[in-house]
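Residue numbers (mature numbering (1 follows the signal peptide of the UniProt record, and there is no 0)): -24 to -1, 1 to 181.
What follows is a single structure, written as structure tokens, with notes after it.
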Amino acid sequence: MITRLFKTSALFFLIGLFSNETFAQKTVGRLALGLEAGYDIHSGPLEKGGLNIGGNFRYFPTSKAALVISVRNYAVSFLNAPTENAFVNTTISLGGEKHFNFNKFSPYLGLEAGLQFSAASSFLMRLPSNSAYVNNSAKYIFVPKAGLFYQLTNHLNLVGEAVLINTFSPGDLAPLYDKNNDNLAPLLSKTNYLLSLGLVFKFNE
């Protein structure tokens, strides 16, 4: 069974590799569903990165542009408690991408904006003495990104992406690192980097 699956996957890869149709020819007017996973990096000195997962819908009005709806999920833990996630963040954002097509390759630049929802997943973070963590959590996001598509078949693409999530709240003038009410620890940083790899499936026109 495993051997047959490997042979089938290899066959699809070879078909895509030697196909004459380019990324641009198989993109215009199509919807695409993407699933990605990777690693997140935080700018806070006491924060530790972890796994991130995400999904998105794209629509290509032209071969060089895409409209995007993205959902991402990533966790934050602290270096003094690396085995327990302190927060789990979920983002929902809308935006666009500019694609630069080269045969089967399509590097792109993108920009998204949306909302972030944070939940304290650690018992310690939910204590009243740590209420500043929740009260100061950012709710709006601004997301520049860059990535690369590689066409495996007419429907399936491999994608790698680097995302910078900037979070903020209206009227929030506090420094990136502040102290909570009991002067125990710094607040969450407001800049996070997500690196991911995934697959994008394009539906028929």
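Just so you know, even glycine gets a beta-carbon here, dropped at the ideal spot from N, CA and C.
Host beta strand (DSSP E) of residue i (start-end)
i, result
"Phe36", "Leu27 to Thr38"
"His75", "Phe63 to His75"
"Leu134", "Leu132 to Phe144"
"Asn119", "With the sequence shown as reference, residue 119 is identified as Val, and Asn is not the correct amino acid for it. It spans Tyr116 to Gln127 - the beta strand (DSSP E) in which Val119 sits, taken as one unbroken run."
Beta carbon of residue i nearer than 8 Å to that of residue j
i, j, result
"Leu170", "Gly14", "yes"
"Leu140", "Lys166", "no"
"Asn65", "Lys40", "no"
"Pro83", "Leu134", "no"
"Leu132", "Phe177", "yes"
"Ser46", "Ser69", "yes"
"Arg48", "Ala8", "no"
Bridge-paired residues (DSSP) for residue i
i, result
"His18", "Asn168"
"Phe81", "Phe78 and Tyr126"
"residue 187", "No statement about residue 187 is possible, as the shown extent of the chain runs from -24 to 181 and does not include it."
Assumed close pair residue i, residue j - CB separation to whole angstroms, cut-off 8 Å
i, j, result
"Gly31", "Gly10", "6 Å"
"Tyr126", "Leu91", "Actually they do not touch by this definition, with Cβ atoms about 31 Å apart."
"His72", "Val119", "Checking the sequence shown, residue 72 turns out to be Gly, not His. Gly72 to Val119, Cβ: 11 Å. No contact."
Nearest to residue i (by Cα), restricted to the options the options
i, options, result
"Ser172", "Arg6, Asn65, Val4 and Ile17", "Ile17"
"Arg6", "Phe76, Leu124, Ala138 and Ala42", "Ala42"
"Asn28", "Phe179, Ala51 and Val44", "Ala51"
"His75", "Ser53, Ile68, Leu87 and Thr67", "Leu87"
"Ser94", "Lys80, Asn180, Tyr35 and Ser145", "Ser145"
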